[in-house]
Ligand SMILES: [Zn+2]
Ligand SMILES: [Zn+2]
């Protein structure tokens with residue numbers, strides 16, 4: 097499916113990129129001296145206005161947009177600020193002419209309380225989503241999708257809410273949606289209530305193992321009307337050649353998708369099918385394919401084996 101594995105950006109950087117894409121930055125544009133560690137390839141600290149700022153964390157590295165070899169660094173400093181440092185390599189061969197390196201302290205990201213809080217986080221439902229996002233590491237479209245699927249399954253199968261025998265079979269093995277399933281329903285690989293099949297698609301089977309029934313939710317094609325832009329930025333971010341602006345634009349598109357998905361009804365997102373478990377081989381199948389044999393649900397194969405066996409008995 098075209099939209100499996102929407103980008104992953106870690107929570108801390110996500111906050112900063114969101115702020116940047118909303119213009120919440122204080123522009124500095126000052127040439128500075130930077131201590132750079134060649135081994136770890138990261139800035140250790142920089143001086144600005146007679147003050148030394150020690151870097152405690154590198155949040156991300158990006159491509160610059162002044163010349164092809166430029167790099168930029170989004171860093172967190174000891175005083176809790178986030179800065180964007182721009183390394184401009186003006187010479188054609190920067191490795192041979194280190195003297196042509198110039199560092200610019202580009203801007204400081206405004207802190208949360210200085211910035212406007214996004215409406216995204218206001219409602220109760222969204223706050224619950226924040227808990228899942230903390231567990232997973234960021235708030236991304238596929239995480240929302242996983243949450244929606246869980247809530248939809250709980251509505252369709254009210255018995256599941258209290259039952260510990262709920263089991264999920266997911267037809268992909270690396271979507272953030274799996275984290276939502278683990279967080280919301282408590283189904284994990286460890287307790288064997290979450291199984292995955294690597295079919296690379298958003299199909300989720302929620303079943304009660306004891307009752308032998310459940311629902312299968314298959315993601316419908318969703319049009320975001322941003323596909324060209326989205327794919328362009330995603331390619332850059334995944335390929336490691338995104339500028340900070342690319343990354344911020346990408347974050348903005350991800351947020352828009354998250355908002356859109358949160359506002360959608362479950363039925364708009366997923367096709368629903370009731371499933372039953374074959375009494376003999378334990379495979380879950382669509383209700384329309386179930387054969388009733390003396391009141392026991394069976395799949396076509398088990399049903400025909402059963403008939404074959406009984407005819408054996410009759411004719412031999
Ligand atoms: Zn994610
Ligand atoms: Zn069967």
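Residue numbers (our numbering): 97 to 412.
Backbone N, C-alpha and C fix where the C-beta goes; we use that ideal spot for every residue, glycine too.
Keep in mind the model is a prediction, meaning the values are calculated, not measured.
Q.
Helix, strand or coil for residue 344? Go by DSSP, reduced to three states.
A. Counted from its first residue, the chain shown places residue 344 at position 248. The answer is helix: DSSP assigns residue 344 an H, G or I state.
Q: Specify whether the segment 110 to 125 and the segment 337 to 357 touch according to this definition: at least 3 beta carbon pairs, one from each stretch, less than 8 Å apart.
A: yes
Q: Rank 140, 133, 129 by C-alpha distance to the C-alpha of residue 146 and give the top, closest one.
A: Counting from 1 along the chain shown, the entry for residue 146 is found at position 50. Taking only the C-alpha atoms, the option nearest residue 146 is 129.
Q: List in chain order: all unbroken beta strand (DSSP E) runs of 3+ residues lying wholly within the segment 275 to 354.
A: 290 to 292, 299 to 304, 309 to 315
Q. For ligand 2, any of its heavy atoms closer than 7 Å to the Cβ of residue 397?
A. The residue given as residue 397 occupies position 301 in the chain shown. Because some heavy atom of ligand 2 lies under 7 Å away, the Cβ of residue 397 counts as near it: yes.
Q.
Once DSSP output is grouped into helix, strand and coil, what is the label at residue 156?
A. Taking the first residue of the chain shown as 1, we reach residue 156 at position 60. Residue state, collapsed to three classes: strand.
Q) In angstroms, rounded to a whole number, what distance separates the CA positions of residue 286 and residue 331? A) As a working note, residue 286 is residue 190 in the chain shown. As a working note, residue 331 is residue 235 in the chain shown. About 34 Å.
Q. Does the Cβ-Cβ distance between residue 276 and residue 228 come in under 8 Å?
A. As a working mapping, residue 276 is identified with position 180 in the chain shown. As a working mapping, residue 228 is identified with position 132 in the chain shown. In contact: residue 276 and residue 228 (Cβ atoms closer than 8 Å).
Q. What are the start and end residues of the beta strand (DSSP E) that includes residue 185?
A. As a position in the chain shown, residue 185 is number 89, starting the count at 1. Residue 185 -> beta strand (DSSP E) spans 178 to 185.
Q.
Suppose you measure from the CA of residue 291 to the CA of residue 111; what does that come to, to the nearest Å?
A. The sequence position of residue 291 within the chain shown is 195, counting from 1. The sequence position of residue 111 within the chain shown is 15, counting from 1. Residue 291 and residue 111: Cα-Cα distance of roughly 32 Å.
Q) Where does residue 262 land, buried or exposed, given buried means 16+ other C-beta within 10 angstroms? A) If you number the chain shown from 1, residue 262 lands on position 166. So residue 262 ends up on the buried side.
**Q.** Contact between the segment 316 to 329 and the segment 373 to 383 (3+ Cβ pairs under 8 Å)
**A.** no
Q) DSSP three-state call for residue 397: helix, strand or coil? A) Counting from 1 along the chain shown, the entry for residue 397 is found at position 301. Residue 397 falls in the helix class under three-state DSSP.
Q: Compute every distance between the C-beta of residue 371 and the non-hydrogen atoms of ligand 2, then say whether any falls below 7 Å.
A: Here residue 371 corresponds to residue number 275 of the chain shown, with the count starting at 1. Checking every heavy atom of ligand 2 against the Cβ of residue 371, none is found closer than 7 Å.
Q) Expressed to the nearest angstrom, what Euclidean distance is found between the alpha-carbon atoms of residue 140 and residue 328? A) For the purposes of this step, residue 140 is identified with residue 44 of the chain shown, where counting begins at 1. For the purposes of this step, residue 328 is identified with residue 232 of the chain shown, where counting begins at 1. Going by the C-alpha atoms only, they are around 32 Å apart.
(Q) My output table needs one value for residue 122: the three-state DSSP class, helix, strand or coil. (A) Locating residue 122 in the chain shown gives position 26, counting from the first residue. Looking at residue 122 - three-state DSSP - the assignment turns out to be strand.
Q. Are residue 245 and residue 366 closer than 8 Å when you measure CB to CB?
A. Start at 1 with the first residue of the chain shown, and residue 245 comes out as number 149. Start at 1 with the first residue of the chain shown, and residue 366 comes out as number 270. The answer is yes: Cβ separation under 8 Å.
Q. How about residue 277: is its Cβ closer than 7 Å to a heavy atom in ligand 2?
A. For the purposes of this step, residue 277 is taken as residue 181 along the chain shown, with counting starting at 1. No, Cβ of residue 277 sits at least 7 Å from all heavy atoms of ligand 2.
Q.
Any heavy atom of ligand 2 inside 7 Å of the beta-carbon of residue 248?
A. Taking the first residue of the chain shown as position 1, residue 248 is located at position 152. False, no ligand heavy atom lies under 7 Å from that Cβ.
Q | Three-state secondary structure (DSSP) of residue 117 | A | As a first step, residue 117 is located in the chain shown; it is residue number 21 there, counting from the start. In the structure shown, residue 117 sits in a helix (DSSP, three-state: H, G or I).
Q: Pull up the CB-CB distance for residue 167 and residue 157, whole angstroms please, since I reckon it's below 8 Å.
A: Locating residue 167 in the chain shown gives position 71, counting from the first residue. Locating residue 157 in the chain shown gives position 61, counting from the first residue. At roughly 6 Å, the Cβ-Cβ gap stays under 8 Å, so residue 167 and residue 157 are in contact.
Q. Hey, is residue 394 close to ligand 2, as in C-beta under 7 Å from one of its heavy atoms?
A. Within the chain shown, residue 394 is the residue found at index 298, counting from 1. Yes - ligand 2 has a heavy atom lying nearer than 7 Å to the Cβ of residue 394.
Q: Return yes when the Cβ of residue 280 is within less than 8 Å of the Cβ of residue 243, no when it is not.
A: In the chain shown, the residue the question calls residue 243 occupies position 147. In the chain shown, the residue the question calls residue 280 occupies position 184. Going by C-beta atoms, residue 243 is nearer than 8 Å to residue 280.
Q: Using 7 Å as the cut-off, classify the Cβ of residue 386 as near or not near the heavy atoms of ligand 2, replying yes or no.
A: As a first step, residue 386 is located in the chain shown; it is residue number 290 there, counting from the start. Residue 386 Cβ: outside cutoff for every heavy atom of ligand 2.
Q: Go to residue 237, then tell me how far its alpha helix (DSSP H) extends in each direction, as first and last residue.
A: Here residue 237 refers to the residue found at position 141 of the chain shown. 237 to 252 is the extent of the alpha helix (DSSP H) around residue 237.
Q) Three-state secondary structure (DSSP) at residue 375? A) Residue mapping note: residue 375 aligns to position 279 of the chain shown, counting from 1. Correct three-state label for residue 375: coil.
Q) Do you know how far the Cα of residue 239 is from the Cα of residue 270? A) Within the chain shown, residue 270 is the residue found at index 174, counting from 1. Within the chain shown, residue 239 is the residue found at index 143, counting from 1. Each residue's Cα considered, the two are about 11 Å apart.
(Q) With distance defined between alpha-carbon atoms, name the residue in 300, 295, 294 nearest to residue 283. (A) Along the chain shown, read from residue 1 onward, the residue named residue 283 stands at position 187. Nearest option by C-alpha distance: 300.
Q) Does DSSP classify residue 206 as helix, strand or coil? A) Counting from one through the chain shown, the residue named residue 206 turns up at place 110. If DSSP states are grouped into helix, strand and coil, residue 206 belongs with coil.
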